[in-house]
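A.B. asks: Position 345 (the sequence shown) corresponds to 531 in our numbering; numbering is contiguous. By construction, the Cβ of each residue, glycine as well, lies at the ideal position given by its N, Cα and C atoms.
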Amino acid sequence: MKKFETKYGYFTEDGNEYVIKTYRTPKPWVNVISNGQYGLVISQTGGGFSWLEHSEFNRVNRWHQDLIRDDWGKYFYIKNNRTGEVFSPTWNPVKVDLDFYQCQYGFGYAKFISEYRGIKVLLNLFVPLNDQIEVWNFEIQNDTEQELDLSVYSYFEWCLGSSADHHREFHKTFIETEFDESVNAMFARKRLWEIPISNRGHWNIEYPYYGFIGSSKKITDYDGDKESFIGQYGTLERPSGIYSDKLTRRTGKWNDSIGTVKVDLKIPAGSKDNFSFFIGLKKNKIQIKNSIKYYSNSDNINKAFEDVKNFWQNMFSTLEIITPDEAMNLMVNKWLRYQAIAGRLWARTAYYQQSGAYGFRDQLQDSLVFLPIDPKFTEKQIRLHARHQFQDGTVLHWWHPISETGLPTKMTDDLLWLPFLIINFIDETSDFKILDIKEPYYDNNKKNDSLFNHSVNAIERVLKRMSKRGLPLIGAGDWNDGLSAVGLDMKGESIWLAEFFYLILTRFAEVCEKTRKLKFARRYKQKAAELKKSFDKYAWDGQWFYRATKDNGEKIGSRINREGKIYLNAQTWSVISGIADKSRSLKAMDAVTKHLLKKNGCLLLAPAYTKPDEMIGYLSRYAPGRRENGGVYSHAATWAIWAYALMNDNENAFKSFKNLCPIYNGLKPDEYVAEPYVMPGNIDGPDSPNYGMAGWTWYTGSANWFQKVIVDWILGIRATVEGLVIDPCIPKEWNEYSVKRNFRGTDINIKVINQARSNPKFDFMIIDGVKTNSNIIRPLKKKTIFAEVYLT
C-alpha cells in the first residue's frame with residue numbers, strides 16, 4: 187500500500203523507502219548515504235558528489251551547487267549501438283524522456299528503475315559498511331525482440347581534494363590519471379592538497395589518496411580528458427565521445443581530468459545482464475585492486491547490500507512507536523533517525539549546505555539521537571567536543587576534521603551545550619562515571635582533565651560574561667547565529683540565554699549533589715537564584731518576554747518594536763527552563779499561539795524585518811519571511827512542542843507537531859517543494875510571497891529534536907536518572923498507542939490506553955502484572971518489561 191502519495195512520490199507500506207515517480211520534482215530531492223567515513227549525496231536525476239571523511243576537504247568529484255539545473259554529478263550513458271540512441275538511467279545528463287522512471291530512496295542506498303525502448307535498467311547505488319567505495323550495481327534487461335548491443339559509459343570530473351575547485355584552470359594542473367588494465371580501473375592522483383596542514387608553506391602538501399573508477403566487467407575503452415570526451419563547446423547531453431567510434435584513451439598530467447570508462451554488453455532478447463561500477467578513494471593501488479576483485483563477485487555485492495540494510499534496521503529497532511498518526515510513526519521509527527545520523531553526524535553535508543565541519547553546539551545536540559540506540563555513541567561525541575574546548579572554558583564554534591582548524595567562538599551559548607549533553611547522557615544511563623572521563627584541551631593537549639572540570643570551566647566562563655543587571659551577555663550571537671551583531675561590544679544581553687543558562691545551572695547543581703560535590707551544588711543553586719531574580723526584574727515585556735538587548739541598550743523582540751516584536755525562543759524556553767513564574771509562562775505561550783503558530787509550525791519571530799539593522803546582524807538582512815527573518819526555523823519550532831506539552835496544552839502540542847511535520851506539508855508538494863521524508867531547515871513565513879516553501883533540507887539540527895520532543899513530550903516516554911517517566915500529552919481522540927524503547931539494557935514495551943474525554947493524563951499503570959500509581963518505570967534487571975498505562 188502506498189502511503190501519503192502525491193503526484194511526485196510516496197512512502198512504501200513498510201516505510202523503508204520513499205519512491206519518487208518522476209525526475210521533475212519541484213527541487214532536487216536527494217538521499218545522503220554514508221557509512222561514517224565515506225559518503226555521497228545523490229539527487230533523483232543523478233546529481234551529487236562523494237567524499238572521504240570530509241565533504242569539503244576531500245571530494246572525489248567536482249560538484250557545484252545549483253538547485254535549478256542540478257547538472258553536476260556522477261553520470262552514466264547507455265548507448266544502443268544498433269540504433270545510435272543514447273539515454274541515462276537517472277535521466278540526467280542526456281535528458282531523453284524515459285518510457286518509465288522511478289527512484290527509490292532507502293536507508294543507505296538509492297535505486298533507479300528506468301526503461302527506454304525495451305531496455306529496462308535497475309541501478310542500485312550503495313556504500314558498503316566498512317569500505318571507502320561506492321557500488322553502482324546495474325541489471326539491464328532486454329525486453330526487445332532482438333539481441334541488444336549496448337555500451338555503458340561513466341562520466342564525472344575528478345576533484346580529489348578541496349571543493350573550492352572553482353578556478354579549474356589552476357586546480358586541473360595538479361591532477362593526473364592513468365588506466366591500469368591489470369586492475370581494470372582508471373586511477374587519478376593529485377600533487378596538491380589544498381588544506382592548511384603543510385609545514386612547508388601554503389598549498390604544498392601531497393594528496394595521499396588514489397581516486398578510482400573500475401568495473402566488474404572488462405573496461406573496453408576510456409577517456410581521462412574532458413575536452414576530448416565532451417568536445418570543445420560540446421554539452422553533457424551529447425558529448426562527442428559517445429558518438430565517436432572509439433574514445434581517445436587520453437590520460438596523464440596535462441588534461442582537464444575526468445573519469446570516463448566504457449563497458450560493452452551483448453544481451454539476447456528476453457535476457458538480462460548484471461555488472462557494477464566502483465568509485466572511491468584509497469591509499470594505494472593494492473587496496474583498490476583487492477576491493478574491485480571482492481565486489482566483482484555478485485554474491486559479495488548482495489551480502490554487502492544486505493549488511494547495509496540490516497545495519498539500519500538494527501539502529502531503528504531500539505525505539506519503535508505505533509500511534510494513530512501514521513506520519514508520526516514513519517518519521518520517528520525511521521526517517522528522522524536516519525537523517526540525524528547519516529546526514530548530520532556522519533556526512534555533515536547536503537544539497538543546500540555543504541560543510542564537512544563539526545559545529546560545537548550542532549553535532550552535540552544531534553548526538554542526542556543515539557541515546558535510545560546506544561549511549562556510547564553520544565559519549566563518543568561528548569568526548570570529541572571536549573577536546574575542542576579551550577582551558578578557559580571557551581570553545582571552537584566549528585572545526586574541520588583532518589586539519590583540526592576552526593573558529594574560536596565569540597558566542598556565549600556554545601560553551602553550555604557540553605554540560606547540557608552530559609546531563610542528558612546521565613538522565614539516560616544514570617552513569618555518573620562519565621564525569622570522571624578525562625580529555626585534553628584544544629590549546630593544551632598535554633593536560634587531561636575530567637569532563638566534570640570541562641563542564642565547570644564552561645559554566646564559570648559564562649558566569650564571567652554577565653551584565654551589570656545580572657543577565658548573560660550574548661556576544662556574537664547565541665543559539666541564533668543570525669543575531670550576529672547584537673552583542674559584538676559585549677554589552678548586549680540575551681533573554682533566551684538567561685533561560686538556557688538557568689536550566690544548566692539548576693540541572694548541573696543536581697548532578698553535583700548526587701556526586702557529593704556540594705560546594706559546586708551550592709554555588710550553582712545560588713547563581714541560578716540570582717539569575718532568576720534578574721530575569722524576573724528585567725525580562726518581562728508586558729505580554730511576553732523580549733528577546734535581547736543590543737549593545738546600545740535597545741530591546742529586540744519587544745512590543746515597542748515595529749518589526750521583530752516577538753521571538754519564539756524567549757517564550758518557549760521560559761517554560762522549558764522553569765525560570766519563569768507560571769502566570770507569565772501562560773501569557774508567553776498564549777502570545778506564541780496568537781502570533782507565531784502558523785500553518786507550517788511556529789515562526790521564529792514576527793513580524794519580519796523589512797530593513798536591515800546593523801545592530802542586529804545578518805538575520806535582519808534575509809528577505810522578509812525567509813529563514814530566521816520571520817520564517818519557520820525548524821530547530822526552534824520543535825522546542826515549541828516541548829513547551830506546549832510542559833504547559834499541558836495537548837491540543838497545541840499536537841498541532842505544532844502536525845503543522846511542522848514534513849510528511850503533512852509535503853502533501854502540497856508544489857507549495858512545499860522540499861523532500862517530504864526529511865526535515866527542512868526552514869519554511870517561508872507569511873511575509874514571504876513563497877509562504878509555505880521549505881528549504882535547507884537534510885543538514886538541520888531539527889531532525890534529532892523533532893524525534894526527541896515527539897517521543898519525550900507528546901508520547902511522554904522520557905528518561906530520568908530514577909527511571910523511564912510516563913507522562914503523555916496526546917490528542918484526546920487517540921484511544922491507544924504503544925512504544926517499544928530500550929532503556930538501560932531492557933526492552934520496555936509500553937501500551938498506553940486513553941480513557942479520558944479531554945486532556946488525557948496519567949492515572950496508573952500495570953508493570954508485568956503489578957499495578958502502581960507511580961508514573962516511573964524503574965530499572966529492573968530484565969531483558970523485557972511489559973507495561974500497560976491508563977490515562978484519565
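1. Using three-state DSSP, classify I645 as helix, strand or coil.
2. Round the Cβ separation of S541 and Y804 to the nearest angstrom and send it over; I've been treating them as touching at under 8 Å.
3. Mind checking whether A756 and I660 have CB atoms under 7 Å apart?
4. What beta strand (DSSP E) runs, 3 residues minimum, are completely inside the segment 841-885?
5. Measuring straight from C-alpha to C-alpha, what distance separates L717 and D898?
6. From I936 to I612, what distance separates their C-alpha atoms?
7. Between which two residues does the alpha helix (DSSP H) harbouring Q525 extend?
8. Alpha carbon to alpha carbon, how far is D737 from S220? Give it in angstroms, no decimals.
9. Measure the alpha-carbon distance for L637 versus L689 and round it to whole angstroms.
10. Take the Cβ of K723 as the centre, count every other Cβ of all protein chains shown within 10 Å, and call the residue buried at 16 or more, exposed below.
11. Helix, strand or coil for Q327? Go by DSSP, reduced to three states.
12. Within 8 Å, do at least three Cβ pairs link the segment 457-473 to the segment 304-319?
13. So, at 7 Å on beta carbons, what are the nonlocal neighbours of A533 in its own chain, with the 5 sequence-adjacent residues on each side left out?
14. Return the residue from the list D409, N921, W920, V925 that minimises the CA-CA distance to R904.
15. Mapping DSSP to helix, strand and coil, what is R709?
16. Output the distance between the C-alpha atoms of K404 and R245, rounded to the nearest integer angstrom.
17. By alpha-carbon positions, which one of N921, L557, D913 ends up nearest to I963?
18. Using beta-carbon positions only, say whether P983 and D256 come within less than 7 Å of one another.
19. Relative to the C-alpha of N639, which candidate in S402, I623, V648 has its C-alpha closest?
20. Name, in chain order, the residues that DSSP records as bridge partners for M775.
21. Within the continuous beta strand (DSSP E) that includes H571, where are the two ends?
22. Short of 8 Å in beta carbon distance, which residues of its chain neighbour K711, apart from the five on each side in sequence? Order them along the chain.
23. Could you tell me which uninterrupted alpha helix (DSSP H) segments, each at least 4 residues in length, are contained entirely in the segment 389-439, listed from first to last along the chain?
24. Can you give the beta carbon distance from L604 to S641, rounded, assuming they're within the 8 Å contact cut?
25. Just tell me which of Y830, F365, V818 has its CA closest to the CA of C165.
26. Which of the three DSSP states, helix, strand or coil, is assigned to Q230?
27. If we call anything under 7 Å between Cβ atoms a contact, is N945 one with N868?
28. Using 8 Å for Cβ pairs, my map puts P425 next to G438. What's the rounded Cβ distance?
29. Tell me whether the beta-carbon of R386 lies closer than 7 Å to the beta-carbon of F360.
30. Excluding the 5 residues flanking N281 on each side, which residues of the same chain have their C-beta closer than 7 Å to its C-beta?
31. Sort I559, N631, L550, K677 by Cα distance to L601 and report the nearest one.
32. Do you know whose CA, among E919, L238, K297, lies nearest T231's CA?
33. At the level of alpha carbons, what is the spacing between Y194 and F840?
34. Could you give the first and the last residue of the continuous alpha helix (DSSP H) run that contains H240?
35. What residue does the beta strand (DSSP E) around L346 start on, and which one ends it?
36. Cα-Cα, which of T580, I802, N488, W759 is closest to N747?
C.D. replies: Well, looking at it:
1. I645 sits in a helix when the DSSP states are folded into three classes.
2. S541 to Y804, Cβ: 18 Å. No contact.
3. Cβ distance not < 7 Å, so A756 and I660 don't count as in contact.
4. Listed in chain order, they are 866-869, 880-883.
5. Rounded to the nearest angstrom, the two C-alpha atoms are 27 Å apart.
6. When rounded, the distance between both Cα atoms is 22 Å.
7. Under the DSSP assignment, Q525 falls outside any alpha helix (DSSP H); it carries neither an H nor an E label.
8. Those two C-alpha atoms are separated by around 43 Å.
9. Our two residues, L637 and L689, have alpha carbons roughly 19 Å apart in a direct line.
10. Note on K723: under 16 other CB atoms within 10 angstroms of its CB, so exposed under the neighbour-count rule.
11. In the structure shown, Q327 falls within a strand segment according to DSSP collapsed to helix, strand and coil.
12. Touching, yes, given that three or more Cβ pairs across the two stretches are closer than 8 Å.
13. V218, S220, G225, S241.
14. The shortest Cα separation from R904 among D409, N921, W920, V925 belongs to V925.
15. It is helical.
16. Going from the Cα of K404 to the Cα of R245 covers about 26 Å.
17. Nearest C-alpha to I963: D913.
18. Nothing about residue 983 can be reported from this structure: the residues present for the chain run from 187 to 978 only.
19. Residue I623 is the option with its Cα nearest to N639.
20. According to the DSSP secondary-structure assignment, M775 is paired through a beta bridge with no residue.
21. In the DSSP assignment, H571 falls outside any beta strand (DSSP E) and within the unbroken alpha helix (DSSP H) covering 561-572.
22. Close CB contacts of K711 within its chain, under the 8 Å cut and outside five residues either way in sequence, are with L691, T692, A695 (chain order).
23. If we require 4 residues or more, the alpha helix (DSSP H) runs fully inside the segment 389-439 come out as 412-416.
24. With 8 Å as the limit, L604 and S641 qualify as a contact, their Cβ atoms being about 6 Å apart.
25. As shown, the chain starts at 187 and ends at 978. That puts residue 165 outside it, with no answer to give.
26. Coil.
27. No, Cβ-Cβ distance for N945 and N868 is not below 7 Å.
28. 20 Å between Cβ atoms; not a contact.
29. No, the Cβ-Cβ distance between R386 and F360 is not below 7 Å.
30. First, the residue type needs correcting, since residue 281 is Lys and not Asn in the sequence shown. Residues of the same chain with a CB within less than 7 Å of the CB of K281, apart from the 5 flanking positions on each side, are E423 in chain order.
31. Of the candidates I559, N631, L550, K677, the one whose C-alpha sits nearest the C-alpha of L601 is L550.
32. The shortest CA-to-CA distance from T231 to any of E919, L238, K297 is the one to K297.
33. Roughly 27 Å between the two C-alpha positions.
34. No alpha helix (DSSP H) contains H240, which DSSP labels as neither H nor E.
35. L346 -> beta strand (DSSP E) spans 344-347.
36. Looking at the Cα atoms, I802 is the closest of the given residues.
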